[in-house]
């Protein structure tokens, strides 16, 4: 379970009216640690207005000589302002206050699909495709390719990313099959998938990779599954576990090389569902893509 | 009277794609300056959640986003239903620029000069 950092809480590190300056080192340590926890932080050093954002909770942290009641009146209607005096406190103690307010603020829930960090839970690396609609031609290849229901189609017939958290972390394969280089993964290691500018060479290279996918019969996952099944069959005959493990790793590496252009992580390859499930999902995805294309084809040309 | 420029800093806290040195140095610079700024843990994560605060940020007229590739930032906001304005938005890329260059641009100074002997 991952604690969701509230989309309704804004933390204001305040050094405006009626407050003393926060020592530089503490200010930096506090802001850095709050950001690392996924909080939205604003720093204000002079006159500060709280009405800038419309969230329902603002936590004001400052070294106040007297509690600044006037701050609450700055906020937008419907915003609850929490003011805390942090004079003499350490960054760690202050973070405890922020966590406490975050936990008790309205609308904060435990959400397994949400990012953020908690003391006990792992983080979700925000890994999902982002579509560059300046380039996208709505060809639906990504919808047809993805087995994990990441993509969908809007009522207006436009491709969209509908289930980000279904995406397999570190797998950029759909961006590799996009003929227009229109799918980004901002946290990917290299361009143009990470959002870097696209060169003519990139477009040519991506087109070549699409050709590779066609050569594989357009059904890469089935091919992978077949190969994986054959490998598993071999492993079942192996009595030496170490040898079997090495052979499995060797096969996975080989499989990875075969589809290197798609850059699918070994973890994703090795966790593919059964052949029947793959066929079923591929068929569903293909149908969705075809329906969307047919719908778009029937639209009047404007 | 000119509108004050808003600065939004992304810590890219949930991945290691922005060099630590760059994001730490830029954050230190922002924290030490007198100007107010907003900072988020991870723009990608906020975009995935379609966080309404992104719409608030996008509605700021004069906005400088200190994050990563401009194309990525533009479409992350768009994906959250909060498209950035076509004009008045500047995006500084911590994946490719040095901290010094970004800090200079935040301060309205020209970027780092080319090293002597280096030509463009």
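Protein chains in written order, with the numbering used here: chain H, 14 to 315; chain F, 10 to 129.
Note that beta-carbon positions come from the ideal geometry of N, C-alpha and C, so glycine has one too.
This one's a predicted model, so the numbers in the text were calculated from it and none came from an experiment.
C-alpha of residue 175 of chain H to C-alpha of residue 156 of chain H: approximately 11 Å in a straight line. For residue 158 of chain H, the enclosing alpha helix (DSSP H) has its first and last residue at 154 to 158. Counted as a single uninterrupted DSSP element, the beta strand (DSSP E) harbouring residue 77 of chain H occupies residues 70 to 77. Ranking H/49, H/36 and H/181 by CA distance to the CA of residue 40 of chain F puts H/36 first. By the C-beta density criterion, residue 108 of chain H is buried, having at least 16 other C-beta atoms within 10 angstroms. With 16 or more other Cβ atoms inside 10 Å of its own Cβ, residue 28 of chain H counts as buried. Around residue 93 of chain F, the same chain offers 67, 83 and 86 as residues with beta carbons nearer than 7 Å, after the five sequence neighbours per side are excluded. In this chain, residue 15 of chain F is not harboured by any alpha helix (DSSP H); it is covered by the beta strand (DSSP E) spanning 15 to 19. Put simply, the CB of residue 90 of chain F is far from chain H, with every gap to its CB atoms at 8 Å or more. A Cβ-Cβ distance of about 7 Å is found for the pair residue 22 of chain H and residue 114 of chain H, placing them in contact under the 8 Å criterion. In summary, residue 214 of chain H is exposed, with fewer than 16 beta-carbon neighbours lying within 10 Å of its beta-carbon over all protein chains present.
Among the residues facing chain F, residue 171 of chain H is not included, as its CB has no counterpart in that chain under 8 Å away. Residues of chain F with a Cβ closer than 8 Å to the Cβ of residue 50 of chain H are, in chain order, 22 and 50. With a cutoff of 8 Å on beta-carbon distance, residue 20 of chain F and residue 48 of chain F are scored as near each other.
When the Cα atoms are used, residue 50 of chain F and residue 60 of chain F turn out to be separated by approximately 12 Å.
Residue 167 of chain H sits in coil when the DSSP states are folded into three classes, being neither helix nor strand. Just measuring C-alpha positions, the residue of F/28, F/35, F/30 and F/22 sitting nearest residue 113 of chain F is F/35. For residue 114 of chain F, not one C-beta of chain H is nearer than 8 Å to its own C-beta.
Residue range 79 to 88 is occupied by the alpha helix (DSSP H) that includes residue 86 of chain F.
Any Cβ of chain F closer than 8 Å to the Cβ of residue 139 of chain H would place that residue at the interface, and such an atom is present. Rounded to the nearest whole angstrom, the C-alpha separation of residue 197 of chain H and residue 31 of chain F is 23 Å. Boundaries of the alpha helix (DSSP H) harbouring residue 33 of chain F: 29 to 41, taken from the DSSP string.
With contacts defined by Cβ atoms closer than 8 Å, residue 77 of chain F and residue 139 of chain H do not form a contacting pair. If you look at residue 193 of chain H, you'll find it isn't in any beta strand (DSSP E); DSSP assigns it neither H nor E. Judged by their CB atoms, residue 149 of chain H and residue 195 of chain H are nearer to each other than the 8 Å cut-off. A direct Cα-Cα distance of roughly 20 Å separates residue 304 of chain H from residue 146 of chain H.
The beta carbon of residue 53 of chain H sits closer than 6 Å to the beta carbons of 23 from its chain, once the five residues preceding and following it are set aside; these are given in chain order. Residue 47 of chain F: member of the beta strand (DSSP E) spanning 46 to 49, first to last residue. Rounded to whole angstroms, residue 308 of chain H and residue 302 of chain H show a C-alpha spacing of 10 Å.
For residue 102 of chain F, the uninterrupted beta strand (DSSP E) segment begins and ends at 98 to 102.
Collapsing the DSSP output to three states places residue 56 of chain H in a strand. Excluding residues up to 5 positions away in sequence, nothing lies with its Cβ nearer than 7 Å to the Cβ of residue 280 of chain H in the same chain.
The residues 138, 139, 140 and 207, in chain order, have a CB closer than 8 Å to that of residue 200 of chain H in the same chain once the five nearest residues on each side in sequence are set aside. Counting other Cβ atoms within 10 Å of its Cβ, residue 167 of chain H stays below 16 and is therefore classed as exposed. Between residue 75 of chain F and residue 55 of chain F, the C-beta spacing is not below 8 Å. Relative to residue 295 of chain H, the option among H/154, H/209, H/182 and H/202 whose CA is nearest is H/154.
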